[in-house]
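If you're matching positions, the sequence shown starts at 42 in this note's numbering and goes up one per residue.
We put the beta carbon where it would ideally sit given N, CA and C, even for glycine.
Source: prediction; values computed, not measured.
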Amino acid sequence: MSYYDINQIEMRIIGCLIEKEITTPDQYPLSVNALVNACNQKSSREPVTSYTELEIQDAVDELVERGLVTQVSASHSRVSKYQHRFCNTEFSDLQLSQAELAIVCLLFVRGAQTPGELRSRSGRLHNFQNREEVESALKALQDKTGGPYVQALPREPGKRESRYQECFCSEYNAEFSPRIQPNQPVDDEPLLARIEALEELVLNLSERIAQLENASGL
């Protein structure tokens, strides 16, 4: 297993630790109870989860064992608290800019997103001036030594932008198709052919219904 190979619950925990370190530093590090609440938030989380305290504790223990999270014991409290060592520490080889860190955090807690979505959701983590700054940070994460750390997903039909997915969670990324370059043309012909066939079928059925209604005097 790679040092940075994490599963979904570990990814959510690390994402929440990064988020709270930036947005609420006075409440960081986090206890297991605080981590449960952070991971299971009803807003700013996709998907919404319902992890139990035992599940979070087991995942935290595994992350501590691997050196991605460390336990901090406060002299004035019996409650253990935890902080991440995932990046930007003397214990981690992964060093990210504030823009790159914001993107990784958002992808960890909200899944695949477009550059536009990343910019609109990053306010408390980093102030991107425009979408080009987001795209520049995404490219940097793709080109970093040891990476790529993000990848572009196939552009969905009818969408103007490709979504980007983190590359740390192999368990999660297995659900997605192989990476392609952003804005690479997508073959819509099979889908369009199906739509045309369905439209023709609906038209034929409508005509038959009208004929039956006329024949019955309705």
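The beta strand (DSSP E) that contains residue i, what's its start and end?
i: Gln124; result: Lys122 to His125
i: Thr64; result: Premise fails: Thr64 lies in the alpha helix (DSSP H), Gln49 to Thr64, not in any beta strand (DSSP E).
i: Val110; result: Val110 to Val113
Note down the Cα distance separating residue i from residue j, rounded to an integer number of angstroms.
i: Phe127; j: Leu135; result: 7 Å
i: Gly187; j: Glu176; result: 19 Å
i: Ala15; j: Leu148; result: This structure gives no information on residue 15, because the portion of the chain shown stretches from 42 to 259.
i: Val145; j: Asn48; result: 15 Å
i: Thr130; j: Arg151; result: 24 Å
i: Cys210; j: Val191; result: 11 Å
i: Ile97; j: Ala75; result: 10 Å
i: Asn171; j: Ser161; result: 10 Å
i: Lys185; j: Leu179; result: 10 Å
i: Gly199; j: Glu173; result: 21 Å
i: Leu71; j: Val113; result: 9 Å
i: Val77; j: Lys61; result: 13 Å
i: Leu159; j: Asp99; result: 30 Å
i: Val110; j: Val89; result: 23 Å
i: Ala143; j: Asn168; result: 9 Å
i: Leu242; j: Ser84; result: 42 Å
i: Tyr45; j: Leu246; result: 56 Å
i: Arg196; j: Ile250; result: 39 Å
i: Gly56; j: Glu212; result: 16 Å
i: Asp67; j: Pro189; result: 33 Å
Tell me whether the beta-carbon of residue i lies closer than 8 Å to the beta-carbon of residue j.
i: Ile54; j: Val101; result: yes
i: His125; j: Leu58; result: yes
i: Ala140; j: Leu194; result: no
i: Leu104; j: Glu51; result: yes
i: Phe132; j: Gly164; result: no
i: Gly157; j: Glu202; result: yes
I'd like to confirm the pairing. Which residues does DSSP put opposite residue i in its beta bridges?
i: Gln154; result: Tyr205
i: Ala193; result: Tyr205
My guess is that residue i and residue j are in contact by the Cβ rule of under 8 Å, so how many angstroms apart are they, rounded?
i: Tyr92; j: Asn81; result: 6 Å
i: Arg204; j: Thr155; result: 5 Å
i: Leu166; j: Thr65; result: Not confirmed; about 12 Å, so no contact.
i: Glu106; j: Val73; result: Wrong, their Cβ atoms sit about 15 Å apart, outside the cutoff.
Hey, quick one: how far does the alpha helix (DSSP H) through residue i stretch, first residue to last?
i: Cys80; result: Val73 to Cys80
i: Arg172; result: Arg172 to Asp184
i: Asp99; result: Glu94 to Glu106
Counting only beta-carbon separations shorter than 8 Å, does residue i have a partner in chain D?
i: Val145; result: In the displayed structure, chain D is absent; only one protein chain is listed.
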